[in-house]
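Asker: Quick note on the working numbering: the sequence shown kicks off at 24 and runs consecutively. Positions of the beta carbon are idealized from the N, C-alpha and C atoms, including for glycine. Following this message is one structure expressed as structure tokens.
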Amino acid sequence: MSGRGKTGGKARAKAKSRSSRAGLQFPVGRVHRLLRKGNYAERVGAGAPVYLAALLGGVTIAQGGVLPNIQAVLLPKKTEKPAKSK
């Protein structure tokens, strides 16, 4: 019956990606999807895409890296000081 028990419930925690949990730049979820859809194996474990994403991230950085994806709002402001003349 409805209306019984404690009212309300716990608020759901904000979603956190597996990439952020692992501290990676490469998307773990996308790598997992591609491993499943690519017919590389019958079953794909939970740790496999994390390992592969870390590996790909390391290879990418070693081959020249990527441009940092930082929004302009977050960058420190450039303050111009007038040049001192002697």
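Going by Cα to Cα distance, which pick from Leu78, Thr83 and Leu57 is closest to Ala45?
Answerer: Of the candidates Leu78, Thr83 and Leu57, the one whose C-alpha sits nearest the C-alpha of Ala45 is Leu78.
Asker: Enumerate, from N- to C-terminal direction, the unbroken alpha helix (DSSP H) stretches of 4 or more residues contained entirely within the segment 60 to 85.
Answerer: Counting only runs of 4 or more, we get 70 to 85.
Asker: Would the beta-carbon of Arg59 fall within 8 Å of that of Val51?
Answerer: Taking 8 Å as the Cβ cut-off, Arg59 and Val51 do not qualify as a contacting pair.
Asker: Just the Cα atoms here: how many angstroms apart are Ala38 and Gln94?
Answerer: Their Cα atoms are separated by approximately 21 Å.
Asker: Am I right that Ala76 and Leu47 are in contact with their C-beta atoms under 8 Å? What's the rounded C-beta distance?
Answerer: Yes, Ala76 and Leu47 are in contact; Cβ-Cβ is about 5 Å, under 8 Å.
Asker: Going by the CB atoms, is the gap between Ser40 and Phe49 shorter than 8 Å?
Answerer: Cβ atoms of Phe49 and Ser40: not closer than 8 Å.
Asker: DSSP three-state label for Gly46, please.
Answerer: It is coil, neither helix nor strand.
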